[in-house]
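If you read the sequence shown in the numbering used here, its first letter stands for residue 1, the second for the next number, and so on.
Just so it is clear, CB atoms sit at the ideal spot from N, CA and C, and this is done for glycine as well.
What follows is a single structure, written as structure tokens, with notes after it.
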Amino acid sequence: EALEARMLEVLDREGKAIIALNASLFASEVSDRIKELKQHVRGKEVTRLIYYFMLGKALVVGANPVPVFDILAGMASDALMVQRIGAIYGTEFSLKSAQNMVLEILRAWGLMAAAEYGLHLAADLLRTVTFGTSTVLTAVPQGLAAAWSTYVVGNAANIYFRDAGWSGRSAKDIVKDILSGAEKDKTSILEPIRDQLMAKFGRTKN
Numbered sequence: 001e002a003l004e005a006r007m008l009e010v011l012d013r014e015g016k017a018i019i020a021l022n023a024s025l026f027a028s029e030v031s032d033r034i035k036e037l038k039q040h041v042r043g044k045e046v047t048r049l050i051y052y053f054m055l056g057k058a059l060v061v062g063a064n065p066v067p068v069f070d071i072l073a074g075m076a077s078d079a080l081m082v083q084r085i086g087a088i089y090g091t092e093f094s095l096k097s098a099q100n101m102v103l104e105i106l107r108a109w110g111l112m113a114a115a116e117y118g119l120h121l122a123a124d125l126l127r128t129v130t131f132g133t134s135t136v137l138t139a140v141p142q143g144l145a146a147a148w149s150t151y152v153v154g155n156a157a158n159i160y161f162r163d164a165g166w167s168g169r170s171a172k173d174i175v176k177d178i179l180s181g182a183e184k185d186k187t188s189i190l191e192p193i194r195d196q197l198m199a200k201f202g203r204t205k206n
């Protein structure tokens with residue numbers, strides 16, 4: 001009875017504050033749920049965007065007959081993609097800042113990124129020597145390499161914008177996690193791109 005009397009006394013004196021606290025807690029739960037849903041929707045939109053840029057870059061790079069242009073075009077494509085990802089998260093990002101982020105991610109990637117651009121240069125040299133007749137032979141591997149780099153850059157940028165920065169980690173750590181998580185799924189990730197390249201350049205899938 002004493003406890004009940006005390007509770008009634010507290011409710012009489014602090015009732016409005018308790019109701020306000022409950023409302024605040026409820027609003028916080030709703031806010032967290034809305035934030036979670038927004039992140040989910042944005043994540044799906046970013047995933048679709050990355051795929052479209054992977055496919056576009058693969059086709060352009062694979063078909064390009066001009067030496068070195070594929071590297072420049074690929075960098076420009078990745079920068080535009082980064083800028084678009086920022087826009088999805090409501091972040092204003094200049095093209096120059098996007099280019100700097102692409103370079104930061106590629107530097108973090110290190111040797112693998114260098115190997116991709118080495119492949120582009122080798123393919124460009126082969127096309128030059130053979131007067132463009134090797135395009136069909138080089139298009140698929142070169143296009144897939146270009147698509148893979150876009151996948152890595154796009155997912156790293158997604159993490160950056162989603163978390164409002166690298167969250168105390170380095171770009172190298174982020175890229176390492178992306179590669180570790182995607183390595184076993186690399187075939188399934190690139191398979192649709194490979195099919196498109198095969199159809200584009202008139203070759204039969206093995």
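task: Report the option in 93, 25, 92, 192 whose CA atom is closest to the CA atom of residue 148.
output: Residue 192 is the option with its Cα nearest to residue 148.
task: Excluding the 5 residues preceding and the 5 following residue 205 in the sequence, name in chain order all residues of the same chain whose CB lies nearer than 6 Å to its CB.
output: With a pLDDT of 41 at residue 205, under the threshold of 50, the modelled position of this residue cannot be trusted; read the value that follows with caution. Only 198 meet the Cβ criterion.
task: Assign residue 183 to one of three DSSP states: helix, strand, or coil.
output: If DSSP states are grouped into helix, strand and coil, residue 183 belongs with the helices.
query: When DSSP labels each residue in this structure, what does residue 132 get in the three-state scheme?
result: Residue placement at residue 132 is flagged as unreliable, the pLDDT there being 46, under the threshold of 50; the coordinate-derived value follows with that caveat. Residue 132: coil per DSSP, three-state reduction.
- request: Please specify which runs of the alpha helix (DSSP H), each continuous and at least 4 residues long, are wholly inside the region 79 to 104, giving them in chain order.
  value: Inside the region 79 to 104, DSSP marks no whole alpha helix (DSSP H) run of 4 or more residues.
- request: Could you have a look at residue 45 and say whether DSSP puts it in helix, strand or coil?
  value: Reduced to three states, the DSSP call for residue 45 is helix.
query: Do three or more CB pairs link the region 171 to 185 to the region 86 to 98 at distances below 8 Å?
result: A contact between stretches requires three or more CB pairs, one per stretch, nearer than 8 Å, and the region 171 to 185 fails this requirement with the region 86 to 98.
query: Taking C-beta to C-beta, are residue 145 and residue 201 nearer than 8 Å?
result: Against a cut-off of 8 Å, the Cβ pair of residue 201 and residue 145 comes out as no contact.
- request: Taking residue 194 as the reference, give the member of 56, 158, 93 with the closest Cα.
  value: The residue with the shortest Cα to Cα distance from residue 194 is 56.
message: Closest to residue 51 by C-alpha separation, out of 73, 85, 36, 38, would be which residue?
response: Looking at the Cα atoms, 85 is the closest of the given residues.
message: Under 7 Å: does the beta carbon of residue 173 sit that close to some heavy atom of the ligand NAD?
response: Absence of the ligand NAD from the depicted structure is noted, as is the absence of any ligand whatsoever, leaving it without description.
field: Residue environment, residue 129, which counts as buried when at least 16 other CB atoms sit within 10 Å
entry: Low confidence applies here, because residue 129 scores a pLDDT of 43, under 50, leaving its location unreliable and the question unanswered by this model.
query: What distance in whole Å lies between the Cβ atoms of residue 105 and residue 153, which are believed to be in contact at a cut-off of 8 Å?
result: Right, their Cβ atoms sit about 5 Å apart.
- prompt: By how many angstroms is the C-alpha of residue 170 removed from the C-alpha of residue 107?
  reply: When rounded, the distance between both Cα atoms is 11 Å.
task: Assign residue 167 to one of three DSSP states: helix, strand, or coil.
output: Of the three classes helix, strand and coil, the one that applies to residue 167 here is coil, per DSSP.
Residue 156 and residue 189 closer than 8 Å at C-beta: Taking 8 Å as the Cβ cut-off, residue 156 and residue 189 do not qualify as a contacting pair.
query: Between residue 158 and residue 3, what straight-line distance do the alpha-carbon atoms span, to the nearest angstrom?
result: When rounded, the separation of the alpha-carbon atoms in residue 158 and residue 3 is 54 Å.
message: Tell me which residues share the same chain as residue 83 and place their Cβ nearer than 7 Å to its Cβ, disregarding the 5 neighbours each side in the sequence.
response: Cβ neighbours of residue 83 within its own chain (closer than 7 Å, five residues either side excluded): 93, 95, 98.
- prompt: With burial defined as no fewer than 16 other Cβ atoms inside 10 Å of the residue's Cβ, what is the status of residue 5: buried or exposed?
  reply: With fewer than 16 other Cβ atoms from the protein chains shown falling within 10 Å of its own Cβ, residue 5 counts as exposed.
- prompt: What residues in its chain sit with their C-beta under 7 Å from that of residue 54, if we drop five residues either side in the sequence?
  reply: Hits under 7 Å: 147, 150, 151, 193.
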